[in-house]
Amino acid sequence: MKDDPKKDSGKPTQPPKASGQQQQQAGEGRQYGEGNYQATRDYGKGLKEHMQSHDIEKEARDAAPKSDAEAADMERAEEKGRSRARGDSKDVPEDPAER
1425 MKDDPKKDSG KPTQPPKASG QQQQQAGEGR QYGEGNYQAT RDYGKGLKEH
1475 MQSHDIEKEA RDAAPKSDAE AADMERAEEK GRSRARGDSK DVPEDPAER
């Protein structure tokens, strides 16, 4: 009796390799979003270098509001940003086409 080619040979099979164009479209070899570990390492390295070579307290003081009016403006801007993040902003239309 001859072997049936449709029967399992017991060897694991691998899916066929994608062509170059398919790999490019799928983003193979690239890193995006939360999986971009290289970007995370680069950011951490840059942050560490900045903290070691700059006066962070001075930068914080320089960024502080210069007046009560500026402080109030900053607080309103922060609250507006928070409300948009929560999705309950009254300023932003529901329909993206209206933005």
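Residue numbers (the numbering used here): 1425 to 1523.
In this text, a Cβ means the ideal position worked out from N, Cα and C, and glycines have one as well.
- Pairing residue 1507 with residue 1500, the inter-Cα distance amounts to about 10 angstroms.
- Across the structure, residue 1504 and residue 1485 are spaced so that their CA atoms are roughly 24 angstroms apart.
- Look at residue 1497 here: in three-state DSSP terms it is helix.
- Pairing residue 1470 with residue 1492, the inter-Cα distance amounts to about 33 angstroms.
- Take the alpha-carbon of residue 1466 and the one of residue 1472: they are about 10 angstroms apart.
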